[in-house]
Amino acid sequence: MVMTSEAKEIPATFDRKSELEAFDEAKAGVKGLVDSGITKIPPIFIHHHLQDQMDGKSSTPCMIPSISLEGMEEHSFRRDEIIKEIKEACETWGFFQAINHGIPTGLIDEMIDGVCRFHEQDTEVKKQFYSRDMTKPFVYNTNFDFYTAPSTNWRDTMYCTMAPDPPKPEELPQVCRDVLMEYSKYVRRLGLSLLELMSEALGLPKNHLQKMGCGEGLFLVGHYYPACPQPQLTFATSSHSDSGFITLLIQDQIGGLQVLHENQWVDIPPLPGAVVVNIGDLLQLITNDKFKSSQHRVLAQKIGPRTSLASIFRTHFGEANASKVYGPLKELLSDKNPAIYKEVTVKEYVTHYYKKGLDGTSGLLHFKLDGQNV
Ligand code: OGA
Ligand code: NI
37 MVMTSEAKEI
47 PATFDRKSEL
57 EAFDEAKAGV
67 KGLVDSGITK
77 IPPIFIHHHL
87 QDQMDGKSST
97 PCMIPSISLE
107 GMEEHSFRRD
117 EIIKEIKEAC
127 ETWGFFQAIN
137 HGIPTGLIDE
147 MIDGVCRFHE
157 QDTEVKKQFY
167 SRDMTKPFVY
177 NTNFDFYTAP
187 STNWRDTMYC
197 TMAPDPPKPE
207 ELPQVCRDVL
217 MEYSKYVRRL
227 GLSLLELMSE
237 ALGLPKNHLQ
247 KMGCGEGLFL
257 VGHYYPACPQ
267 PQLTFATSSH
277 SDSGFITLLI
287 QDQIGGLQVL
297 HENQWVDIPP
307 LPGAVVVNIG
317 DLLQLITNDK
327 FKSSQHRVLA
337 QKIGPRTSLA
347 SIFRTHFGEA
357 NASKVYGPLK
367 ELLSDKNPAI
377 YKEVTVKEYV
387 THYYKKGLDG
397 TSGLLHFKLD
407 GQNV
């Protein structure tokens, strides 16, 4: 491993666990560090293998597909074409930018502002939400995998469970309460429409994925990536695939999001008003690898803050229906295409995913049937 000069500066006595605990106790997040005026990132944030992950892959000019959803309604002459485009994107990239999707651009901007307002409000008020208990309806912290991941990412996040059991309005922070409720209605509707289009893209009846409960849970994660004084040493979000069925992401104009496609990191540039749609691990599992849950990451940058909000379609830990079992869909299997994965409950999958942390590997590897090394 090539060590950068900065990495060599880590004190030999560095005790990661106590550094993590001290940072956690301050409850002020990465933003708190930046506000205190630091010019070097603390050792817990240094990713020692970052250079290896940058080597051998370059950002190429190729682009993830953009798909206009205008005319996605049933009986519209465009619907079949849209289904074809979605099928192609989900099979090859696992990612696409959706435009003309029905969520007003003003509401997307307002939602991004709402996430930003939450992170930039008075620290004493924000601290009241700091928690690692992800069963609460709304919490904020730095990295859900803080104590298990090999290195910490340069990011703070707010988490909000909106479905199947929506929070009481008073459980949400006042600075973004109304917009969270309003945006959730629209993003849920779009997610359900996409699940219908994806069902058809798989050759299944329109309501198949919804009937299985793929649209039941909605978990919102609002990220805040402060400007980083040493972006060459850390990640904003290290390489990972998402855990749910699908994710719908909105981002501000800063950029830095990339997807791994054919072993190349490809930028996903901000496109005003667009929603980035991607396949999550659970949809890859039930489609037996037909749809791809691709690795993606966010680079740390000198510029910032960057704000984004991911709407993850899956249930969480506590809900009754989190015990429903998911395995490769019988309809998609054949002698030539046998099941690759075991059956799993959402609760089991999410528990494994959280324990493993964002370590650059897919959580799906753990659920492969013996002898299946596709
Ligand atoms: C995520 C994610 C990317 C971003 O929340 O899973 O990949 O742009 N976010 O913040
Ligand atoms: Ni992600």
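For the sequence shown, position 325 (counting from the first letter as 1) is numbered 361 according to our numbering, and the numbering increases by one without interruption.
Using N, Cα and C, we set each Cβ at its ideal position, and we do this for glycine too.
Taking all protein chains shown into account, decide if residue i is buried (16 or more other Cβ within 10 angstroms of its Cβ) or exposed.
i: A64; result: buried
i: E61; result: exposed
i: F349; result: buried
i: S72; result: exposed
i: H137; result: buried
i: C212; result: buried
i: R168; result: exposed
i: N373; result: exposed
i: S277; result: buried
i: H332; result: buried
i: D371; result: exposed
i: A346; result: buried
i: V313; result: buried
i: A58; result: exposed
i: I77; result: buried
i: L319; result: buried
i: G251; result: buried
i: I74; result: exposed
i: L321; result: buried
i: D51; result: exposed
i: Q287; result: buried
i: C264; result: buried
i: Y377; result: buried
Check residue i in the structure and name its three-state DSSP category.
i: D211; result: According to the sequence provided, residue 211 is Val. The question's Asp does not apply to it. Coil.
i: T40; result: Confidence at T40 is low in this model, with a pLDDT of 49, below 50, so the placement of that residue is unreliable and no value is reported for it.
i: H85; result: coil
i: Q164; result: coil
i: I398; result: The sequence as given places Ser at residue 398; Ile does not occur at that position. Note: S398 maps to coil in three-state DSSP.
i: I282; result: strand
i: R224; result: helix
i: Y377; result: strand
i: Y183; result: coil
i: F174; result: strand
i: K404; result: strand
i: R191; result: coil
i: H244; result: helix
i: H111; result: coil
i: H155; result: helix
i: H388; result: helix
i: P205; result: helix
i: G249; result: coil
i: F59; result: helix
i: K53; result: helix
i: A125; result: helix
i: T141; result: helix
i: A237; result: helix
i: S72; result: coil
i: G169; result: Correcting the residue type first, residue 169 is Asp in the shown sequence and not Gly. Note: D169 maps to coil in three-state DSSP.
i: G393; result: coil
i: L216; result: helix
Looking at the strands, I want to know which residues DSSP matches up with residue i.
i: Q133; result: S102, V312
i: W301; result: L296
i: L10; result: There is no way to answer for residue 10, as the model of the chain reaches only from 37 to 410.
i: L335; result: F271
i: Y362; result: V380
i: Y261; result: R342
i: Q287; result: S344
i: H276; result: H332
Is any heavy atom in ligand 3 found nearer than 7 Å to the beta carbon of residue i?
i: D395; result: With respect to ligand 3, the structure offers nothing, as its ligand set consists of ligand 1 and ligand 2.
Discussion item. With three or more beta-carbon pairs closer than 8 Å as the criterion, would you say the region 135-143 touches the region 185-203?
Written reply: no
Fill in: Sufficient close CB pairs (3 or more, under 8 Å) joining the region 251-262 to the region 218-233
yes
Fill in: Segment contact flag, the region 179-190 with the region 264-275, C-beta cutoff 8 Å, min 3 pairs
yes
Worksheet item: For the region 377-393 against the region 333-349, are there 3 or more C-beta pairs whose distance is under 8 Å?
Response: no
Worksheet item: Is the region 304-314 close to the region 122-138, with three or more CB pairs under 8 Å?
Response: yes
Worksheet item: Should the region 97-111 be regarded as contacting the region 204-219, the criterion being three or more beta carbon pairs within less than 8 Å?
Response: no
Worksheet item: Between the region 113-121 and the region 288-295, do at least 3 Cβ pairs fall closer than 8 Å?
Response: no
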